[in-house]
Every structure is written in structure tokens, then in C-alpha cells.
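This report refers to the structure that appears directly beneath it.
Residue numbers (the working numbering): 274 to 440.
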């Protein structure tokens, strides 16, 4: 019969039920539930189990193949997705962190992009620079607040010193 699993499940129905209740991740619980449905004969085939779980038949067959080759621990183990390696050279990363820590810093992400190209001969897209600086380094640009040209510096210093507000 097509879709009938030939995988021999070593765990008992009670063990699978207990293991299913211990899972915190939904994906892990679904994987154990597949084994539970097949072992308890609630699902007649992999296709029927796919209908019950709301997953594709091929996905369930992939899970069963993993269970058959690596066991229950292999079925529940998933490799972490670490993302792509940073392409900025180490020296440039250190210099960029140091420069962003100074009060002057950079005025824009375009300025950082140009600085990387001039100083380290490293071309990088605007979105790449923004993502790296804002989310990986968790740094913000240092843009000075606008100051009126008509403002008298002595009056500002006097107000800062003698007023109660935080200016």
C-alpha cells in the first residue's frame, strides 16, 4: 500500500506520549506526534498522518528517514542557523567600533560607507553598512543637534549654569 511506513518505531506509545508532553518547541512536538500517530495506529499511513498534522507527506517522510538513520535524538536535533560571516576585515571592524564610540562618530551611513572604501578599500552596500552598524554593533550615528546661527554662546553658557533645567 502506497504511503505505508516501513520504519520500525522502537519507543512504546506511552513513552512517545510522555516525550511529546515534554517538548517545548512546536516542531519537536510535531515530530514526536508523527511517531505517536504511527505507533498507536491512529494514522493508517504517512499520507493520513500528514493530513492529521497539517504537514506535507514529503516532510513527514524526511522526518521518518532521519528517525530511521539517527534515532529519536537525531530527529529532535536541529543545526543552528548562524547566518553569514561578516565580510568587513577585522582591523576595519575594530576601527569602526572605536570611531563610533567617539563623540564625533559619523554623520551618516553613507559617510561610513565612504570611510570603509577610502581607509580599507572595502566596498559595501548602504543596506549592509546600516545593518552591520545598527543591528550588529548596536550603535547609532552621532548627529549634532541643530544650533541657531543667531545664538550667543555666552548667553547659552549663562543659561546652562544658572537655570534649573537640563539644557
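Glycine included, each C-beta is placed from N, C-alpha and C at the ideal position. From a predicted model like this one, the values you see are computed outputs, not experimental measurements.
{"Check": "Top-ranked residue by Cα proximity to residue 293, from 382, 315, 310", "Outcome": "310"}
{"Check": "Residue 329 in three-state terms, based on DSSP", "Outcome": "coil"}
{"Check": "Secondary structure of residue 387, DSSP reduced to three states", "Outcome": "helix"}
{"Check": "Outcome for residue 429 when other beta-carbon atoms lying within 10 angstroms are tallied against a minimum of 16", "Outcome": "exposed"}
{"Check": "Whether residue 284 touches residue 345 by CB criterion (8 Å)", "Outcome": "yes"}
{"Check": "Proximity below 8 Å, CB of residue 329 to CB of residue 322", "Outcome": "no"}
{"Check": "Straight-line Cα distance separating residue 382 from residue 335", "Outcome": "45 Å"}
{"Check": "Classification of residue 325 by the beta-carbon crowding that lies within 10 angstroms, buried from 16 upward", "Outcome": "exposed"}
{"Check": "8 Å contact criterion, which residue 340 and residue 348 should meet: CB distance rounded", "Outcome": "4 Å"}
{"Check": "Residues of its chain near residue 434, where Cβ-Cβ distance is below 6 Å and the 5 sequence neighbours each way are ignored", "Outcome": "none"}
{"Check": "7 Å Cβ shell around residue 380 - same chain, five flanking residues per side excluded", "Outcome": "414, 416"}
{"Check": "Which of helix, strand or coil DSSP assigns to residue 345", "Outcome": "helix"}
{"Check": "Close Cβ partners of residue 396 (< 6 Å) along its chain, the five nearest in sequence each way excluded", "Outcome": "390"}
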